[in-house]
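Below is one structure, written out as structure tokens; comments come after it.
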Amino acid sequence: MTKPLWAPWRLEYVQQADETPGCVFCAEAAGELAEEDSLLVWRGEAALVVLNKFPYSSGHLMAAPVRHVGSLVDLTEAEALEIHRLSIAAITALDAVYGPDGFNLGWNLGRAAGAGITDHAHLHVVPRWSGDTNFMPVLADVKVLPEHLLATRDRLRDAWR
Ligand SMILES: [Zn+2]
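If you read the sequence shown in our numbering, its first letter stands for residue 605, the second for the next number, and so on.
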């Protein structure tokens, strides 16, 4: 029997499908969101890091180019480099704040691959804990309070370097 590929961020589509008018990455990049709505953790030159609103687990981050571009193929060298640098900084910050047991990093390109936002490419950085492999934590986290997300955002902002 083949083992199914583990991909928690596939749930993103179900949860965000009727939720997002416009592009959340572009809104964050432009600083258009109010402080209490923004889940921006870090904004760099060509890329930014945003906390996932519907996390698989606490501290589920997404690194994306500042530019609205849907395909990995269309990223510039500078964008690709900064996204990877920021994903490393995200791991460092998550380690400092939450000390997870591991991480999953992944790109979902296209709806069929589980992408919730198909026209603005983003790299998921998902902290993992031993024993969190069933889907109960997903359902629990969906009901997470906005205050909780903002507290997570602030903790990660403080830990960022
Ligand atoms: Zn966008």
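Positions of the beta carbon are idealized from the N, C-alpha and C atoms, including for glycine.
Less than 8 Å between the CB atoms is what I'm expecting for residue i and residue j, so what's the real figure, rounded?
i           : j           : result
residue 707 : residue 689 : Not really, about 16 Å apart at Cβ, beyond 8 Å.
residue 756 : residue 662 : 6 Å
residue 668 : residue 651 : 7 Å
residue 653 : residue 665 : 6 Å
residue 753 : residue 657 : 7 Å
residue 705 : residue 734 : 5 Å
Using only the heavy atoms of ligand 1, determine whether one of them is closer than 8 Å to the beta carbon of residue i.
i           : result
residue 633 : yes
residue 723 : yes
residue 664 : no
residue 629 : yes
residue 688 : no
residue 728 : no
residue 672 : yes
Using 9 Å as the threshold, is the C-beta distance between residue i and residue j below it?
i           : j           : result
residue 683 : residue 671 : yes
residue 637 : residue 694 : no
residue 697 : residue 647 : no
residue 724 : residue 711 : no
residue 729 : residue 691 : yes
residue 763 : residue 673 : no
Who pairs with residue i in a beta bridge, going by DSSP?
i           : result
residue 728 : 666 and 710
residue 647 : 652
Which ranges does the beta strand (DSSP E) cover as unbroken runs of at least 3 residues, wholly within the segment 654-712, from first to last along the chain? 665-669 and 706-711
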